[in-house]
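Written below as structure tokens is the structure these notes are about.
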Amino acid sequence: MSSPAATYDLGKLYGGLRLPAEKTVSTSLEIQEVPIPDQLILPIAQHVGEPAHPIVGIGEYVLKGQLIAEPYGSLSAAVHASSSGKIVAIEPWPVSRRYGENAPCIVIECDGDDRAIEPPEDIAPYNTLEPRALRQMILQGGIVGLGGAVFPTGQKLMQATTLPLEYLILNGVECEPYISCDDLLMREQAAEVLGGAQILMHALDISTCYVVIESDKPEAIAAIGEAMAELGDKRIVLKQVPTIYPSGGEDQLVQLVTNLEVPSGGLPTDVGCVVQNVGTSAAIYRWICEGEPLISRVTTVTGPGVRSPMNVIARIGTTIADVIAFAGGYNDEAEQLIIGGPMCGKSVTTDRVPLVKATNCVLVLTEAPVYGNEQPCIRCGECALVCPIQLLPQQLHWYAFADDEKKLRSYGLTDCIECGCCDLVCPSHLPLTASFRNAKVRIQELADEKSRAERARLRYESRNERLASENELRELQLDQQKEAARKAGPSAIDEILKRRKRHDEDAE
């Protein structure tokens with residue numbers, strides 16, 4: 001069967017940049033599987049929201065796919081063992097988080113057998129389940145957004161269904177240089193991606209799905225097109241978008257594909273859209289149809305500092321050192337290690353950090369960027385021209401420097417997606433994205449402080465009301481006793497007055 005044609009270059013993205021892809025070398029090989037490591041380090045917080053709660057102890061033997069940390073709180077995701085072995089520690093470990101701090105991790109010493117838990121005897125077809133039950137099942141699989149946001153997928157779906165929905169958008173747009181894991185995933189696992197799309201449509205009761213791919217990925221477009229033709233599901237439509245960074249952002253993708261604009265401070269669901277990464281879709285298929293929770297992912301290992309750039313499938317918890325070693329190790333010119341891409345990634349100082357659900361790329365550069373050459377802003381406006389959110393970065397930078405929370409909010413700081421376009425074009429070499437990121441942290445700290453103060457005020461007022469109520473009740477009881485004593489005689493009144501005097505002395 002011939003593959004369906006894709007609609008080409010929809011809409012127009014405001015701002016953005018055409019960046020060199022730097023993906024030819026990493027896409028020249030098929031996805032390679034990293035062997036089972038000696039140790040797996042599994043952070044209990046690999047997602048937006050509250051950390052998961054460990055349910056295993058040190059010395060306990062676990063199987064591949066076994067639940068080892070369950071969701072905790074209103075927004076959390078489960079963590080499963082990526083291979084079989086013994087729990088040897090539950091302790092802080094270096095992780096690739098924004099602020100670089102250690103985080104609690106469950107450490108498994110692998111036995112090399114890779115023994116898995118027994119799969120369910122009868123896996124019910126997804127379309128026989130009620131959508132609500134299907135969403136709950138997705139939550140139990142520990143699945144999160146694999147495009148970078150790592151929002152727990154089950155809860156994202158549950159929140160989405162509170163609004164009227166029209167479109168499911170599968171995001172196969174990898175606009176950031178060097179990253180090619182989704183490209184290779186679509187080439188090699190197109191059927192799983194589309195199978196996940198069908199599950200998501202059933203879970204959301206949506207009848208239209210757009211699979212969106214950049215126009216510079218002909219192999220992925222062909223693979224998805226052939227899988228669509230074989231599947232024969234007319235609800236799924238393939239669409240192409242321009243190769244412009246950052247067209248893969250959720251809000252930008254919604255506008256490109258549907259011509260709908262996500263409101264400031266809003267979500268795609270506000271305009272009837274749910275966006276999921278193609279990797280997330282494939283993970284949902286494996287969990288619902290094969291019983292495998294999210295315990296591995298495809299990751300790009302690349303950069304001029306790596307001997308053999310490639311895409312690998314690695315178990316969650318494998319250290320970056322093991323992943324780099326599998327890709328041939330560092331070459332002599334390696335200088336900087338980044339988790340993620342060159343625009344939005346985070347630089348780390350150690351390769352002991354584990355690969356987590358959010359790790360879409362391990363980038364090794366041979367030339368670290370030089371900081372400290374900033375010059376005063378010349379008000380050229382280049383940053384505003386490339387900002388995909390249509391913000392005014394030069395104004396935000398000024399108010400971030402002045403720590404003006406009110407102005408930062410009014411100029412839309414919270415809408416900044418930290419894409420780094422403004423940094424790249426700034427002739428004064430100002431670290432704009434870093435200043436916005438720090439300003440967001442300060443704003444959140446202020447919001448948290450106000451929230452704590454409000455809770456303290458409410459506790460204080462509640463305490464005063466309780467004490468007043470208790471005093472009022474006590475006065476009423478004493479008056480009742482006094483009235484009863486008056487009827488009983490003078491000696492009883494004297495006794496009541498003595499007791500009241502003792503109570504007042506004790507209160508003092």
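Following my numbering, the numbering of the sequence shown begins with 1 at its first residue and continues without gaps. Beta carbons: idealized from backbone N, C-alpha and C, even for Gly.
Measuring CB to CB, does R315 end up less than 8 Å from L40?
Yes.
Is there contact here, the stretch 222-231 with the stretch 191-206, by at least three beta-carbon pairs under 8 Å?
A contact exists between the stretch 222-231 and the stretch 191-206.
Can you list, in chain order, the residues of its chain whose CB lies under 8 Å from that of P376, leaving out five sequence neighbours each side?
Same-chain partners within the cutoff: S428.
When burial is assigned at 16 or more other CB atoms within 10 Å of the CB, is E510 buried or exposed?
The structure shown does not extend to residue 510, since the chain spans only 1 to 508, so no value can be given for it.
Tell me whether T24 is buried or exposed, calling it buried when 16 or more other Cβ atoms sit within 10 Å of its Cβ.
Looking at its Cβ environment, which holds fewer than 16 other Cβ atoms inside 10 Å, T24 is exposed.
Distance, Cα to Cα, V241 vs A197?
If you take the alpha carbons of V241 and A197, they lie about 19 Å apart.
Smallest Cα separation from E445: which of D403, D114, L478, K482?
Per the Cα distances, D403.
How is the beta strand (DSSP E) around C361 delimited, first residue to last?
Counting along the chain, the beta strand (DSSP E) containing C361 begins and ends at 361-365.
For the beta strand (DSSP E) holding Q39, just list the boundary residues, first then last.
Element bounds for Q39: 39-43.
Assuming C422 contacts L432 under a Cβ cut-off of 8 Å, what Cβ separation, rounded to an integer in Å, is found between them?
That belief holds up - the Cβ atoms of C422 and L432 are roughly 5 Å apart, short of 8 Å.
Pop quiz: V173 and V212 are said to be a contact at Cβ under 8 Å. What is the actual Cβ separation, rounded to whole angstroms?
Sure, about 6 Å apart at Cβ, within 8 Å.
Taking the straight line between their C-alpha atoms, what separation do you get for A434 and L396?
So the two alpha carbons sit approximately 12 Å from each other.
Could you check whether D122 and I36 sit closer than 8 Å to each other, using their CB atoms as the reference points?
Going by C-beta atoms, I36 is not nearer than 8 Å to D122.
Determine which residues share a DSSP beta bridge with Y245 and list them.
Answer is L17, bridged to Y245.
If we ignore side chains and look at the alpha-carbon of each, how far apart do E382 and V425 end up?
Rounded to the nearest angstrom, the two C-alpha atoms are 6 Å apart.
Contact between the stretch 151-167 and the stretch 57-67 is defined here as three or more beta-carbon pairs at a separation below 8 Å; is this criterion met?
In short, these stretches do not touch, since the Cβ pair count stays below three.
Quick check on this structure: which residue in R459, P393, V353 has the alpha carbon closest to the alpha carbon of V107?
Here the closest residue by C-alpha is V353.
For P51, which residues from the same chain have a beta carbon less than 6 Å from its beta carbon, with the 5 sequence-adjacent residues on both sides left out?
The answer, listed in chain order, is I44, A45.
Looking only at C-alpha atoms, which of I199, S82, S96 sits nearest to I135?
The sequence given here places Arg at residue 135; Ile does not occur at that position. Answer by Cα proximity: I199.
Among Q477, S281, E70, N331, which one has its Cα closest to the Cα of M186?
Comparing Cα-Cα distances from M186 to each of Q477, S281, E70, N331, the minimum goes to S281.
Just checking my contact of G49 with S76 at CB under 8 Å: how many whole Å lie between their CB atoms?
About 5 Å separates the two Cβ atoms, so the contact holds.
Taking only the alpha-carbon atoms, compute the straight-line gap between E405 and L392 and give it to the nearest angstrom.
So the alpha carbons of these two residues sit roughly 16 Å apart.
For I31, tell me which candidate among D448, D182, E70, D205 has the shortest Cα-Cα distance.
Closest by alpha carbon: D182.
Tell me the rounded alpha-carbon separation between L163 and D270.
Taking the straight line joining both Cα atoms gives about 7 Å.
Classify L473: buried if its beta carbon has 16 or more other beta carbons within 10 angstroms, exposed otherwise.
Per the 10 Å Cβ criterion, exposed.
Is it the case that the Cβ atoms of G65 and A81 are separated by a distance below 8 Å?
Yes. Within cutoff.
Taking the runs of the alpha helix (DSSP H) that are 4 residues or longer, which of them lie wholly in the stretch 292-356?
Complete alpha helix (DSSP H) runs here, min 4: 320-326.
Only counting runs of 4 or more residues, tell me where the alpha helix (DSSP H) segments fall wholly within the stretch 399-451, in order along the chain.
405-410, 421-425, all fully within the stretch 399-451.
Note down, one range per segment and in chain order, each beta strand (DSSP E) of at least 3 residues found wholly within the stretch 157-187.
Listed in chain order, they are 167-172.
Can you tell which of D415, L467, K450, C380 has its C-alpha closest to the C-alpha of L430?
It is C380 whose Cα lies nearest to the Cα of L430.
I'd like to know if P119 contacts chain D, where contact means its C-beta is closer than 8 Å to some C-beta of that chain.
The question asks about chain D, but that chain is absent: this structure has only one protein chain.
So what's R102 in DSSP terms, helix, strand or just coil?
In the sequence under discussion, the amino acid at residue 102 is Asn, which differs from the Arg named in the question. Three-state DSSP puts N102 in a strand.
I need the boundaries of the beta strand (DSSP E) containing P94, first residue and last residue.
Note, P94: beta strand (DSSP E), 85-94.
Which partner residues does A69 have in the DSSP bridge list?
According to DSSP, A69 bridges with P54, V79.
Hey, would you say K239 sits closer than 8 Å to V257, going by beta carbons?
Yes. Within cutoff.
Taking the alpha-carbon positions, what's the G317 to L42 distance?
Between G317 and L42, the C-alpha separation is close to 5 Å.
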